[in-house]
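>
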Amino acid sequence: MLRQTALTLTLAALPTLAFAAPQGWSPLLEPAQLAAYLDSNEDIRVIHVTGDFDQGHIPGAAFSPYAEWRGGPNNPGALRAELDYEMEATRVGITADIPTVIVHAGTNPSDMGSAARVYWTLKSLGVQDLALLNGGFAAWAEAGLPVSTQAVEPAVSDFTGEWSDAWYISTAEVAELVDSGDARLVDSRPEGFFQGLTWSIARPGTVRGAENLEFSDFFEGNRMVDAGRAREIAAQQGLDDAPITVSFCNTGHWAALNWFALSELAGVENTRLYAESMAEYAASGNSLDNEPSRIAYLWMSTKRWVDGLF
């Protein structure tokens, strides 16, 4: 998978693609909207990526486990080989020109990050019309819409992707932007991670010069805000006119939500997802902001270990 080194590529530079989506299509669909499309026999692929598919799913949907779109245990955010993505996409019948809706279980806002990460991957592969189901399958079921437990065997497609780096940024490019100061670096994690008070796969701290915009700020309850509210949040954060915006977290999961809200809803151009995020950035030896001293780190590690015992 080739990586572009230039950071000046914008959405406007992409080729114009044929519009295949139904009238009124949006990157964020409410359950009633999706139900109306399906009732009118629109040709749409519906893909569940989390939840117990056998216990209930949208009729006609296919199951594509989120794990198939993630990297290995050392860094789940790492990109897989393009062929791996293509094989999974063809298995569940995805094509470049048929609209596809990605559905998460809907257990909480974080769960929606699974769907957002798959959306970002498919968009990068060249799928033209994509959407997330707001509130996920839980919202669909709560709305009293049809639920199926029948096994689904999707027709295999002949999809061949053509990866674009237009929405991706590498570790080397992030480090370059840290030095130049030419980007807005957005830490999508909860404040404790940003402040270096807690950590998971990466050492505590954040990318130098980053600012904190928690992914949960784009949610009202279990639903993501609409495009108008997303634009307001982007403007309040001063991101609406940034030359390049980089969304990151620990492994590119929560960051996919901020990327989606900023790029697809708010329309902030040149918003990139740092897929590998802090798991790779910190491991690469880059200096961090808000990194605790060695003594503080040992104290917090010991305290966390003791707390875990009880």
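Per numbering that gives the first Met the number 0, the sequence shown runs over residues 0 to 309.
For glycine and all other residues, C-beta sits at the position ideal for the given N, C-alpha and C.
Which two residues bound the contiguous alpha helix (DSSP H) that contains residue 230?
Residues 226–235.
> Leaving out five residues on either side along the sequence, give the residues of the same chain with a beta carbon under 8 Å from the beta carbon of residue 289.
Contacts found: 193, 194, 195, 203, 204 and 205.
> Identify which residue in 164, 245, 52 and 34 has its Cα closest to the Cα of residue 147.
With distances taken between Cα atoms, residue 147 lies closest to 52.
> CB of residue 116 to nearest heavy atom of the ligand PLP: below 6 Å?
Annotation note on the ligand PLP: not contained in the displayed structure, which lists no ligands.
> In this structure, does DSSP put residue 256 in helix, strand or coil?
The answer is helix: DSSP assigns residue 256 an H, G or I state.
> Check whether the region 16–32 and the region 115–129 are in contact - that is, three or more C-beta pairs closer than 8 Å.
Segments in contact, yes.
> By Cβ distance, which residues of its chain are closer than 6 Å to residue 1, with the 5 residues on each side in sequence left out?
At residue 1, the pLDDT of 36 sits below 50, so the modelled position is not reliable; the number obtained from the coordinates is stated separately. If we look at residue 1 and ignore the five residues flanking it on each side, it has no Cβ neighbours.
> At 3 residues or longer, and completely inside the region 142–209: list those beta strand (DSSP E) runs for me, N to C.
Qualifying beta strand (DSSP E) stretches, in chain order: 183–186.
> Along the chain, where does the beta strand (DSSP E) that runs through residue 66 open and close?
From DSSP, residue 66 is part of no beta strand (DSSP E); its letter is neither H nor E.
> So residue 246 is in the alpha helix (DSSP H); what residue range does that whole segment cover?
Here residue 246 belongs to no alpha helix (DSSP H); instead the beta strand (DSSP E) covers 244–247.
> Using a Cβ-Cβ cut-off of 7 Å (strictly less than) and excluding sequence neighbours within five positions of residue 145, which residues of its own chain qualify?
58, listed in sequence order.
> Do you know whose CA, among 105, 64, 115 and 83, lies nearest residue 26's CA?
Comparing Cα positions, the closest option is 115.
> Check residue 126 in the structure and name its three-state DSSP category.
Coil.
> I need the boundaries of the alpha helix (DSSP H) containing residue 82, first residue and last residue.
Segment 81–90, the alpha helix (DSSP H) holding residue 82.
> Are the beta-carbon atoms belonging to residue 255 and residue 112 less than 7 Å from one another?
Yes, these two residues count as a Cβ contact at 7 Å.
> Which whole-angstrom value describes the C-beta separation of residue 135 and residue 110, a residue pair presumed to lie in contact below a C-beta threshold of 8 Å?
So it is a contact: roughly 7 Å between Cβ atoms.
> What residues match up with residue 223 in a beta bridge as DSSP calls it?
Residue 223 is bridged to 218.
> Give the single residue among 120, 173 and 172 whose Cα lies nearest to the Cα of residue 160.
Among 120, 173 and 172, the Cα nearest to that of residue 160 is on 120.
> Could you tell me the alpha carbon to alpha carbon distance between residue 248 and residue 184, rounded to whole angstroms?
So the alpha carbons of these two residues sit roughly 11 Å apart.
> Three or more beta-carbon pairs under 8 Å between the region 174–191 and the region 83–94, yes or no?
Verdict: no, contact absent.
> The beta strand (DSSP E) that contains residue 261, what's its start and end?
Looking at the DSSP string, residue 261 is not in any beta strand (DSSP E), and its letter there is neither H nor E.
> Taking 7 Å as the cut-off, decide whether the C-beta atoms of residue 226 and residue 264 are in contact.
Yes; because the gap between Cβ atoms is below 7 Å, this pair is in contact.
> Leaving out five residues on either side along the sequence, give the residues of the same chain with a beta carbon under 6 Å from the beta carbon of residue 138.
Result list for residue 138: 30 and 105, in chain order.
> Do you know offhand how far residue 150's Cα is from residue 98's?
Roughly 22 Å between the two C-alpha positions.
> My output table needs one value for residue 61: the three-state DSSP class, helix, strand or coil.
Here residue 61 sits in strand by DSSP.
> Using DSSP with H/G/I as helix, E/B as strand and the rest coil, what is residue 372?
In this structure the chain extends from 0 to 309, so residue 372 is not present and cannot be described.
> Measuring CA to CA, which of 41, 35, 103 and 55 is closest to residue 221?
Considering only alpha carbons, the answer is 103.
> Look at residue 214 and residue 269 and say whether their C-beta atoms are less than 7 Å apart.
Cβ distance not < 7 Å, so residue 214 and residue 269 don't count as in contact.
> Using only CA atoms, which one of 123, 199, 36 and 238 lies nearest to residue 212?
When each option's Cα is compared against that of residue 212, the closest is 238.
> In angstroms with no decimal places, state the Cα-to-Cα distance between residue 250 and residue 186.
One C-alpha to the other measures close to 11 Å.
> Expressed to the nearest angstrom, what Euclidean distance is found between the alpha-carbon atoms of residue 122 and residue 94?
Spanning the two alpha carbons is a distance of roughly 11 Å.
> Using a beta-carbon distance below 7 Å, is residue 75 in contact with chain C?
Among the chains of the structure shown, chain C does not appear; only one protein chain is present.
> Bridge partners for residue 56 per DSSP, in chain order?
BP columns for residue 56 point to 147.
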